[in-house]
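Visitor:
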Amino acid sequence: MATVNLSDYKPLHITNAEDFSIGIVFSEWNDFVTYNLRDAALEILEKEGVKAGNIKLFPVPGAFELNYASMQLCKERKYDAVIAIGCVIRGETPHFDYVCSAVAQGIKDCNILTDTPTIFCVLTDDTKEQSIARSGGDLGNKGVEAAVTALRMIDFKKKLSDKKGNIGFGNA
Numbered sequence: 527m528a529t530v531n532l533s534d535y536k537p538l539h540i541t542n543a544e545d546f547s548i549g550i551v552f553s554e555w556n557d558f559v560t561y562n563l564r565d566a567a568l569e570i571l572e573k574e575g576v577k578a579g580n581i582k583l584f585p586v587p588g589a590f591e592l593n594y595a596s597m598q599l600c601k602e603r604k605y606d607a608v609i610a611i612g613c614v615i616r617g618e619t620p621h622f623d624y625v626c627s628a629v630a631q632g633i634k635d636c637n638i639l640t641d642t643p644t645i646f647c648v649l650t651d652d653t654k655e656q657s658i659a660r661s662g663g664d665l666g667n668k669g670v671e672a673a674v675t676a677l678r679m680i681d682f683k684k685k686l687s688d689k690k691g692n693i694g695f696g697n698a
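Numbering-wise (the numbering used here), the sequence shown opens with residue 527 and increments by one.
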């Protein structure tokens with residue numbers, strides 16, 4: 527587990543971010559964590575210029591359901607990126623391992639099988655305290671990192687499709 531705050535970022539200054547359309551799918555299970563992740567992602571997206579009306583929120587019951595919802599949003603092809611937010615905390619059974627593996631594979635499938643960048647923002651921690659530390663506590667907020675990643679991947683995709691073929695990203 528990280529021992530430093532990795533959520534500090536420098537403004538991205540991405541051109542035309544106000545035109546980006548982003549879907550955020552978030553699990554209601556462990557909402558004391560997932561709502562913090564969601565809110566941090568929203569804050570960064572809006573700070574970077576994405577219009578609030580271009581960000582759509584989709585709650586799902588748990589982390590396992592993130593796959594279905596994310597894939598459906600990707601198939602719609604109306605979002606420039608999808609952010610999947612969840613939190614799975616280890617318990618006493620192998621359930622944790624099955625859910626974490628399935629969710630990781632499902633989000634990977636969205637990235638491989640569709641043309642929509644899908645961002646994995648699913649905390650898979652051993653304890654509640656670790657999840658709290660990574661969702662606005664001592665170790666930052668992974669929602670910030672997910673928003674930054676979504677913006678950078680949208681920018682990458684747009685630059686890649688640019689007729690000039692310019693995919694340089696300055697100092698990044």
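All C-beta atoms in this analysis are idealised placements derived from N, C-alpha and C, irrespective of residue type, glycine included.
For residue 568 and residue 618, what's the separation of their Cα atoms in angstroms?
Guide: What you label residue 568 is simply residue 42 of the sequence shown in a count that begins at 1. What you label residue 618 is simply residue 92 of the sequence shown in a count that begins at 1. Linking residue 568 to residue 618 through their CA atoms gives a straight-line distance of about 33 Å.
Visitor: Could you tell me which of 635, 578, 554 and 648 sits nearest to residue 600, measuring between CA atoms?
Guide: Position 74 of the sequence shown, counted from the first residue, corresponds to residue 600. Residue 635 is the option with its Cα nearest to residue 600.
Visitor: Checking contacts by CB at 8 Å: is residue 594 closer than that to chain D?
Guide: Structure shown: chain D not included; a single protein chain is present.
Visitor: Just the C-alpha distance for residue 551 and residue 645, rounded to the nearest angstrom, thanks.
Guide: Residue 551 sits at position 25 when you count from the first residue of the sequence shown. Residue 645 sits at position 119 when you count from the first residue of the sequence shown. Looking at the two C-alpha atoms, the distance is approximately 10 Å.
Visitor: Any contact between the region 679-689 and the region 649-660? By contact I mean 3 or more CB pairs, one from each, below 8 Å.
Guide: no
Visitor: Please name the residue in 598, 586, 535 and 638 whose C-alpha comes closest to that of residue 611.
Guide: Here residue 611 is taken as the residue at index 85 of the sequence shown, counted from 1. Of the listed residues, the one whose Cα sits closest to residue 611 is 586.
Visitor: Hey, would you say residue 560 sits closer than 8 Å to residue 608, going by beta carbons?
Guide: For the purposes of this step, residue 560 is taken as the residue at position 34 of the sequence shown. For the purposes of this step, residue 608 is taken as the residue at position 82 of the sequence shown. No, Cβ-Cβ distance for residue 560 and residue 608 is not below 8 Å.
Visitor: Which of the three DSSP states, helix, strand or coil, is assigned to residue 592?
Guide: Locating residue 592 in the sequence shown gives position 66, where the first residue counts as 1. Helix, per DSSP.
Visitor: For residue 565, collect the residues of the same chain with a Cβ closer than 8 Å to its Cβ; drop the 5 residues on either side in sequence, then sort them by chain order.
Guide: Indexing the sequence shown from 1 puts residue 565 at position 39. Within the same chain, residue 565 has close Cβ partners 669.
Visitor: Can you list, in chain order, the residues of its chain with a C-beta nearer than 6 Å to that of residue 540? Leave out the 5 residues immediately preceding and following it.
Guide: Working through the sequence shown from its first residue, we reach residue 540 at position 14. Contacts found: 677 and 681.
Visitor: So, do the region 658-668 and the region 623-637 have three or more beta carbon pairs nearer to each other than 8 Å?
Guide: no
Visitor: Hey, quick one: how far does the beta strand (DSSP E) through residue 635 stretch, first residue to last?
Guide: The residue given as residue 635 occupies position 109 in the sequence shown. Note, residue 635: premise wrong, no beta strand (DSSP E); alpha helix (DSSP H) at 621-639.
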